[in-house]
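Undergrad: FYI, numbering that gives the first Met the number 0 numbers position 133 of the sequence shown as 132, with every residue one higher than the one before it.
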Amino acid sequence: MVLHGQKLVCVISGASRGIGRAIALEVGKRAGAGSTLLLLARNSARLDLVQHEITKQRAGEVTVQTSICDIGTATAAEFTQLLNDVKTKAGQVDAAYLIQNAATLGPGDQRASQLTDTALISNYMQLNFNSFVLLNSLFLQTFPSGHRCVVNISSGAAYRNLECFHLYAAAKAARDAFYRCVAAEEKGVRVLNYNPGPTITDMQHEIGDHAWSEELKQWSKKGTSGDGDFLKPEQAVEVLFTLLEEDKYESGTFFNAGGKELSIELK
Ligand SMILES: NC(=O)c1ccc[n+]([C@@H]2O[C@H](COP(=O)([O-])OP(=O)(O)OC[C@H]3O[C@@H](n4cnc5c(N)ncnc54)[C@H](OP(=O)(O)O)[C@@H]3O)[C@@H](O)[C@H]2O)c1
Numbered sequence: 000m001v002l003h004g005q006k007l008v009c010v011i012s013g014a015s016r017g018i019g020r021a022i023a024l025e026v027g028k029r030a031g032a033g034s035t036l037l038l039l040a041r042n043s044a045r046l047d048l049v050q051h052e053i054t055k056q057r058a059g060e061v062t063v064q065t066s067i068c069d070i071g072t073a074t075a076a077e078f079t080q081l082l083n084d085v086k087t088k089a090g091q092v093d094a095a096y097l098i099q100n101a102a103t104l105g106p107g108d109q110r111a112s113q114l115t116d117t118a119l120i121s122n123y124m125q126l127n128f129n130s131f132v133l134l135n136s137l138f139l140q141t142f143p144s145g146h147r148c149v150v151n152i153s154s155g156a157a158y159r160n161l162e163c164f165h166l167y168a169a170a171k172a173a174r175d176a177f178y179r180c181v182a183a184e185e186k187g188v189r190v191l192n193y194n195p196g197p198t199i200t201d202m203q204h205e206i207g208d209h210a211w212s213e214e215l216k217q218w219s220k221k222g223t224s225g226d227g228d229f230l231k232p233e234q235a236v237e238v239l240f241t242l243l244e245e246d247k248y249e250s251g252t253f254f255n256a257g258g259k260e261l262s263i264e265l266k
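#1: Determine the burial state of LYS171: buried for a count of at least 16 other Cβ atoms within 10 Å of its Cβ, exposed for fewer.
#2: According to DSSP, is TYR248 part of a helix, a strand, or is it coil?
#3: Would you say MET124 touches ligand 1, meaning its beta carbon is less than 7 Å from a heavy atom?
#4: For GLN234, which of helix, strand or coil comes out of DSSP?
#5: Spatial neighbours of LYS266 within its chain, please: CB distance less than 6 Å, with the 5 preceding and 5 following residues excluded, ordered by chain position.
#6: Buried or exposed: where does GLU260 fall if 16 or more other Cβ atoms within 10 Å of its Cβ makes it buried?
#7: Give the secondary structure of LYS266 by DSSP, where H, G and I count as helix, E and B as strand, and everything else as coil.
#8: Drop a sphere of 10 angstroms on the beta-carbon of GLN99, count the other beta-carbons inside from all chains shown, and report buried for 16 or more, exposed for fewer.
#9: Rounded to the nearest angstrom, how far is the Cβ of GLY13 from that of ALA95, given a contact under 8 Å?
#10: Does ligand 1 have even one heavy atom less than 7 Å from the beta-carbon of ALA14?
#11: For PHE33 versus LYS6, is the C-beta spacing smaller than 8 Å?
#12: Please indicate yes or no: does the CB of CYS180 lie closer than 7 Å to some heavy atom of ligand 1?
#13: Is the Cβ-Cβ distance between ALA242 and PHE253 less than 8 Å?
#14: Does at least one heavy atom of ligand 1 sit under 7 Å from the Cβ of CYS9?
#15: For ARG159 and ALA176, I'd like the C-alpha separation in whole angstroms.
#16: Check whether the segment 70-86 and the segment 47-57 touch, using three or more Cβ-Cβ pairs below 8 Å as the test.
#17: Ligand 2 heavy atoms versus the CB of ILE98: any closer than 7 Å?
#18: Could you tell me whether the Cβ atoms of ALA283 and ILE70 are closer together than 8 Å?
#19: Can the beta-carbon of LEU36 be found closer than 8 Å to that of VAL61?
#20: Quick one: any contact between the segment 186-202 and the segment 223-234, if contact means 3 or more CB pairs under 8 Å?
#21: For the alpha helix (DSSP H) containing PHE138, name the first residue and the last one.
#22: Quick one: is GLY90 near chain B, going by C-beta distance under 8 Å?
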């Protein structure tokens with residue numbers, strides 16, 4: 000299943016800035032004539048800018064719909080409405096993509112042992128995991144056949160012992176595990192877990208400004224500084240698009256931005 004030149008419908012969460020914006024711009028460049036993109040996030044002005052950037056290059060060829068949507072509170076009915084609308088607008092397509100990119104860092108200013116606020120924990124998991132499951136299920140129900148691909152924007156933090164990342168890492172590991180099971184159940188759906196690697200975005204600046212660990216703060220500040228080695232968002236998504244275009248990956252596999260597979264052997 001190759002993106003380039005195909006008539007697509009593509010839903011991207013967290014498309015207003017950072018890595019999600021870079022994904023939206025790249026899909027906007029590659030999608031074939033007649034494609035429809037649905038961009039989700041809370042910030043309408045930023046979504047409009049992304050929409051404008053795509054349509055100024057692809058006017059009359061690619062339709063970009065935006066929706067102000069808080070993934071953390073959206074209901075099944077709201078997601079269904081958005082998906083049905085984009086399906087109707089798109090008409091017959093060659094392929095349907097869902098790229099689940101939206102996420103938050105969580106309370107990185109607290110240690111794991113300080114997490115006693117159950118509302119905070121529930122709200123965090125609602126946005127970063129529960130809604131991820133919901134949007135995936137409703138997407139597959141809305142597009143029940145044909146070429147379909149679902150992508151989880153994950154993180155290497157899910158597989159390391161790291162300070163400050165507790166809830167973030169747990170939610171990412173849960174998303175990865177969930178998508179491995181979707182890959183096992185849905186043989187007709189291409190499923191990918193993708194870790195963009197350390198990237199210069201607002202999320203990374205949040206680590207540098209607010210993490211309780213001085214070591215982590217310094218790592219983030221150094222990596223995002225002028226001579227730092229963290230990636231720009233457009234570089235962080237290069238391998239993602241190579242994987243999607245080549246379409247040779249095993250469904251459910253976790254890939255790092257360097258193109259390396261994470262091998263998990265559970266016997
Ligand atoms: N940056 C890194 O170093 C790095 C490394 C590994 C993995 N990642 C992953 O890459 C993805 C993108 O991260 P990023 O660094 O680009 O983050 P970011 O700069 O903080 O952007 C996050 C995106 O998610 C959206 N979002 C946040 N809360 C939302 C909500 N409640 N409802 C809807 N949308 C929401 C934001 O839009 P609004 O604010 O407009 O809603 C924004 O578009 C995440 O899954 C992250 O975990 C990042």
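Virtual Cβ for every residue (Gly too), placed ideally from N, Cα, C.
TA: So, from the data block:
#1: Reading the sequence shown from its first residue, position 172 is the one you call residue 171. It is buried - the Cβ of LYS171 has at least 16 other Cβ atoms within 10 Å.
#2: In the sequence shown, residue 248 corresponds to position 249, counting from 1. Looking at TYR248 - three-state DSSP - the assignment turns out to be coil, as it is neither helix nor strand.
#3: The residue given as residue 124 occupies position 125 in the sequence shown. No, since every heavy atom of ligand 1 falls outside the 7 Å radius drawn around the Cβ of MET124.
#4: Position 235 of the sequence shown holds residue 234. Helix.
#5: Indexing the sequence shown from 1 puts residue 266 at position 267. A caution first: LYS266 carries a pLDDT of 46, below 50, which makes its placement in the model too unreliable to give a value.
#6: Locating residue 260 in the sequence shown gives position 261, where the first residue counts as 1. It is exposed - the Cβ of GLU260 has fewer than 16 other Cβ atoms within 10 Å.
#7: Counted from its first residue, the sequence shown places residue 266 at position 267. Low confidence applies to LYS266: its pLDDT is 46, below 50, so where it sits in the model is not reliable enough to give any reading.
#8: Walking along the sequence shown from the start, residue 99 turns up at place 100. Under this definition GLN99 is a buried residue.
#9: In the sequence shown, the residue the question calls residue 13 occupies position 14. In the sequence shown, the residue the question calls residue 95 occupies position 96. With a Cβ gap of about 19 Å, GLY13 and ALA95 do not count as contacting.
#10: Position 15 of the sequence shown, counted from the start, is the residue given in the question as residue 14. The answer is yes for ALA14.
#11: Within the sequence shown, numbered from 1, the residue matching residue 33 stands at position 34. Within the sequence shown, numbered from 1, the residue matching residue 6 stands at position 7. The sequence shown places Gly at residue 33, not Phe. Yes. Within cutoff.
#12: Mapped onto the sequence shown, residue 180 falls at position 181. Not under cutoff, so the answer is no.
#13: Counted from its first residue, the sequence shown places residue 242 at position 243. Counted from its first residue, the sequence shown places residue 253 at position 254. Residue identity check: residue 242 is Leu in the sequence provided, not Ala. No, these two residues do not count as a Cβ contact at 8 Å.
#14: Your numbering for residue 9 matches position 10 in the sequence shown. Every heavy atom of ligand 1 is 7 Å or more from the Cβ of CYS9, so no.
#15: By one-based count along the sequence shown, residue 159 stands at place 160. By one-based count along the sequence shown, residue 176 stands at place 177. Roughly 15 Å separates the two Cα atoms.
#16: no
#17: As for ligand 2, it is missing from this structure, which binds only ligand 1.
#18: Because the chain is modelled from 0 through 266, residue 283 falls outside the range shown and cannot be assessed.
#19: Translated into positions along the sequence shown, residue 36 becomes position 37. Translated into positions along the sequence shown, residue 61 becomes position 62. Yes, Cβ-Cβ distance for LEU36 and VAL61 is below 8 Å.
#20: yes
#21: By 1-based counting over the sequence shown, the position of residue 138 is 139. Element bounds for PHE138: 130-141.
#22: This model lacks chain B altogether, as it is built from one protein chain only.
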